[in-house]
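Visitor: A single structure is presented below for examination.
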Amino acid sequence: MPDQILAETESVCPQCLARIPAQRVARGDAVYLRKACPEHGLYETVIWRGAPALETWLSPKTPSHPAAPLTEVARGCPYDCGLCPEHQQHSCCVLLEVTQRCSLRCPVCFADAGQGAPPDPDLATIGGWFERLLASGGPCNIQLSGGEPCVRDDLPAIVALGRSLGFSFFQVNTNGLRLAREPDLALRLREAGVSTIFLQFDGTDDAIYTRLRGRPLFAQKQAAIAHCAAAGLGVVLVPTLLPGVNVANLGAIIDFALGQMPTVRGVHVQPISYFGRYPQ
């Protein structure tokens, strides 16, 4: 059966990063992104495979431009970073890095966090971030990240400040170590307005944590979840998958999550990022 062209789109050359035409192409049970650079040749990569079919996940979308763009158009998409006037989507979920400090030194950290960290932004600075977000399109979902946001003693105050300005959903992206160590932290975060804990959770075997995080951590993950359960604070498990390390453990992660319902509300799988500290 010949290839079926599903759509024309644009991409970039993986070698020179030039913007080039591309096509979404169906072949068998897979969909490929096919693109050709005049200088570096043809590239194809799988972007969808198997059921459900890609077309069942596509729907027309009316552009929703930012109310107040935050950057200017210089080279055009994808080279300009930020909410420029050509953006066709307002912010729906914003990640704020409230620290570059970290309580771990994970061998696979894409942010290379914890080394020579500058001072944390103060509450006034973070309040300014909230105000800019409000001006650019109104309240949106907020994920507080880092580094490790729970190293900040004033993390509940950051959440309370955002809540007072009209932001209604806060998620904390955390390794869970302080949540495990301090049983009352989960309650303080929930009372400040945290909606969900986005918990680093790479598997159910300490050999996995030793490889990905540098030491055994499964007991701490379980303690963090138990403290969140006692506080009535929901958790999303976030495994970072590395082939040959924890992909085969994914089923056990799902089973563990099912056993921790309703505290655990989902599993958010993310692939390893091949930059930062990995590979070194």
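Residue numbers (our numbering): 618 to 897.
Yeah, the Cβ is synthetic: ideal placement off N, Cα and C, and Gly gets one too.
Would you decide whether Gln717 is buried or exposed? Buried here means 16 or more other CB atoms lie within 10 Å of its CB.
Guide: Classification for Gln717: buried.
Visitor: Whose CA, out of Asp823, Lys838, Arg882 and Gln839, lies closest to the CA of Asn863?
Guide: Checking every option, the nearest Cα to that of Asn863 belongs to Asp823.
Visitor: Touch check for the segment 801-808 and the segment 753-765: three-plus C-beta pairs under 8 Å?
Guide: The segment 801-808, when compared against the segment 753-765, does not touch it at the 8 Å Cβ threshold.
Visitor: So, at 6 Å on beta carbons, what are the nonlocal neighbours of His707 in its own chain, with the 5 sequence-adjacent residues on each side left out?
Guide: Excluding sequence neighbours, His707 sits near Ser681, Pro683 and Gly754.
Visitor: From Ala741 to Lys838, what does the alpha carbon distance come to, in whole angstroms?
Guide: Near 32 Å, if we compare the C-alpha coordinates of Lys838 and Ala741.
Visitor: Compute the beta-carbon to beta-carbon distance between Arg749 and Leu687, rounded to the nearest angstrom, for a pair I have assumed lies under 8 Å.
Guide: About 7 Å; that satisfies the 8 Å criterion.
Visitor: Compute the Euclidean distance between the alpha carbons of Ala865 and Val648, then round it to the nearest angstrom.
Guide: The straight-line gap from Cα to Cα measures roughly 25 Å.
Visitor: Going by the DSSP bridge assignment, what does Cys710 pair with across the sheet?
Guide: Asn758.
Visitor: If I'm right that Gly763 touches Val711 with Cβ under 8 Å, what's the distance once you round it to whole angstroms?
Guide: With a Cβ gap of about 15 Å, Gly763 and Val711 do not count as contacting.
Visitor: Whole angstroms is fine: what's the gap from Thr857's alpha carbon to Arg644's?
Guide: The alpha-carbon atoms of Thr857 and Arg644 are separated by roughly 29 Å.
Visitor: Less than 8 Å between the C-beta atoms of Thr653 and Ile664, yes or no?
Guide: Residue 653 is actually Ala in this sequence, not Thr. Not a contact, by the Cβ cut-off of 8 Å.
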